[in-house]
Amino acid sequence: MRLRGRKGIRETIEEQKDLVVLDAGPLKGKWHTFFGNDRPIYVELGMGKGKFISEMSGKYPHINFIGVDMYDELIRRASEKARRVWEDKGEDSPPNLALLRANIEFIETMFEPGEIERIFLNFSDPWPKSKHARRRLTHHRFLEKYKELLNERGEIHFKTDSRSLFEFSLNSFADMEIVLRNISLDLHKDGLRDDLVLTEYESKFVERGMNIHRLEAVIGEEALRVHRQNKAAELAGKGGAAAAEDEDDNADDTE
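Here full-length UniProt numbering is used: position 49 in the sequence shown is 49, and no number is missing along the way.
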């Protein structure tokens, strides 16, 4: 990926110490200190131009967000988007957002185990050639790292327009016996999901009529407990509804 940016990009992002982080090493295990609170930390790996992570930070001010990408120009563009979002709220700087310039390959050097609560993988590079499978962000070698870094409420939310990457990812999660929920092969088939924040790519793909695939992976023990509890309640509700229908049928028969 080659990006053309204006001159002085590095200087521009270096000046934004309130928002941009160029070296995650000193912050490993200390991200809550950076944000000044102990709220949950959600991380987008491969944030692109930053639309998703910027809008998420504005929509959920009680969550800390970190957008990660390795290109200076994308960090610059994301910083502009983030500041516009928060200017509309009367803030000069996003209080709950950090833009981290880093290579995802070395994510274990950026965060301590259990430091993250949610990971977003939005329209990651599909690396379609089989020989490049290890580079896919849902390859088992990455999933192992994510599992280590996510806390007891940890989840992974994954979206892609690539059917082949989605199928590969389903197999990766299954091979590691990771519980999945809310699997969709056509996320916006009934119209745009206004409860979800769209990325730049997603908006374009939907306009072209392309299917968006999405899933949620449940990782942490507490997240799994809540998921199983919800499933049990759902099944109990369905059982109750079925029993009520049977009673109605029996009543009709006696009449």
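Quick reminder that beta carbons are idealized off the backbone N, C-alpha and C, glycines included.
Of the candidates SER57, ASP72, MET110, the residue whose Cα lies closest to the Cα of LYS89 is SER57. Rounded to whole angstroms, the gap between the alpha carbons of GLU144 and MET47 is 21 Å. Sorting GLU167, THR109, LYS51 by C-alpha distance to the C-alpha of ALA82 places LYS51 at the top. Burial check for GLU202: the Cβ neighbour count within 10 Å reaches 16 or more, so the residue is buried. Taken in chain order, the unbroken stretches of beta strand (DSSP E) that lie wholly in the region 99-147 and span 3 residues or more are 116-122. A direct Cα-to-Cα measurement between GLY25 and GLU152 gives close to 23 Å. Following the DSSP letters along the chain, one finds GLU216 inside the beta strand (DSSP E) bounded by residues 213-218.
Here TYR71 carries a coil assignment [DSSP, helix/strand/coil]. Cβ-Cβ distances below 6 Å link LEU27 to PHE34 in the same chain, with the five nearest sequence neighbours on each side left out; the list follows chain order. Shown here for GLU222: same chain residues with a beta carbon closer than 7 Å to its own, the five before and five after excluded, namely GLU152, ARG153 in chain order. TYR201 sits in a helix when the DSSP states are folded into three classes. With respect to the C-alpha of ILE156, the residue from ALA236, TRP31, ARG181 having the closest C-alpha is ARG181. Under the three-pair Cβ rule at 8 Å, the region 187-196 does not count as touching the region 224-233. Going by beta carbons, THR138 and SER184 fall outside the 7 Å limit.
Around the C-beta of ASP69, 16 or more other C-beta atoms lie within 10 Å, and the residue is accordingly described as buried. Buried is the label assigned to LYS49, since at least 16 other Cβ atoms lie within 10 Å of its Cβ. Cα atoms of GLU200 and PRO113: separation of roughly 31 Å, rounded to the nearest angstrom. DSSP places ARG10 inside the alpha helix (DSSP H), whose first and last residues are 9-14.
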